[in-house]
Amino acid sequence: MARPVLLTRPEGADVATATQKPVLGDYHYDGRRWLRFSGRRWQRALYSCDPAVLEAKAGPEAWHEVDDAERSRLLDVAVRDRVLTTNGQVLYRDDHSAVLRHRRRPAHVAHFLSTVITLGAWLVVWIAATVLAGEDRVMLVVDRWGHVWPQTSTR
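Under my numbering, read the sequence shown as residues 684 to 838, first letter to last.
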């Protein structure tokens with residue numbers, strides 16, 4: 684059973700129930716900062732035009748909206764930061780969202796040790812793990828208040 688959580692919908696209406704599951708885009712104040720539901724879990728903002736607002740108890744109804752040009756600039760900064768820090772690639776970009784891809788890397792040290800211990804038999808597994816390594820995709824979305832939030836999906 685889900686625990687009671689005060690959800691704030693982007694329209695500004697508060698919803699408090701014990702059984703209702705949060706939906707994509709719901710906001711929640713956890714006592715320290717505002718979080719946004721990414722469809723899978725609660726996420727912190729990656730970037731914000733006003734980070735102090737996300738730590739204040741006042742909700743989205745008290746936040747000031749930013750114009751489209753500022754939202755696009757904030758998304759550019761967040762994408763640039765994410766590409767530089769996580770070595771991601773931009774797959775898609777529009778005015779208010781961007782999709783980034785990150786390749787998963789196998790644990791080469793563990794595979795090397797396993798290959799040495801098994802006298803080379805593990806080498807086939809190591810090569811397969813390297814060739815078939817998947818990717819993680821992250822969609823960065825900037826809301827109308829200038830906060831950039833991640834939405835994750837795994838492929």
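In this text, a Cβ means the ideal position worked out from N, Cα and C, and glycines have one as well.
Quick caveat: nothing in here was measured; it's all calculated off a predicted structure.
CA-to-CA distance, residue j to residue i, given in whole angstroms
i	j	result
D777	H711	26 Å
R719	D826	10 Å
D752	V808	It should be noted that the sequence gives Ala, not Asp, for residue 752. Near 49 Å, if we compare the C-alpha coordinates of V808 and A752.
E748	C732	10 Å
A741	R716	10 Å
T691	T769	31 Å
W832	P734	12 Å
F795	P743	50 Å
V824	V799	45 Å
L689	D750	28 Å
Close-in-space but distant-in-sequence residues of the same chain around residue i (CB under 7 Å, 5 per side omitted)
i	result
W746	V736, W828
G771	R765, L783, R784, H785
V773	V762, V766, A781, L783
Whether residue i touches residue j by CB criterion (7 Å)
i	j	result
A804	P789	no
S780	M822	yes
A761	H830	no
Nonlocal neighbours in the same chain, by C-beta distance under 8 Å from residue i, ignoring five residues either side
i	result
T837	Residue confidence for T837 is low, a pLDDT of 48 falling below 50, so the modelled location carries little weight and cannot support an answer.
S721	L707, W832, P833, Q834, T835
Y730	L757, V760, A761, D764, H830, V831
D713	W725
Residues that residue i bridges to, as DSSP identifies them
i	result
F720	W725
H830	S731
Q772	R784
V824	S780, W832
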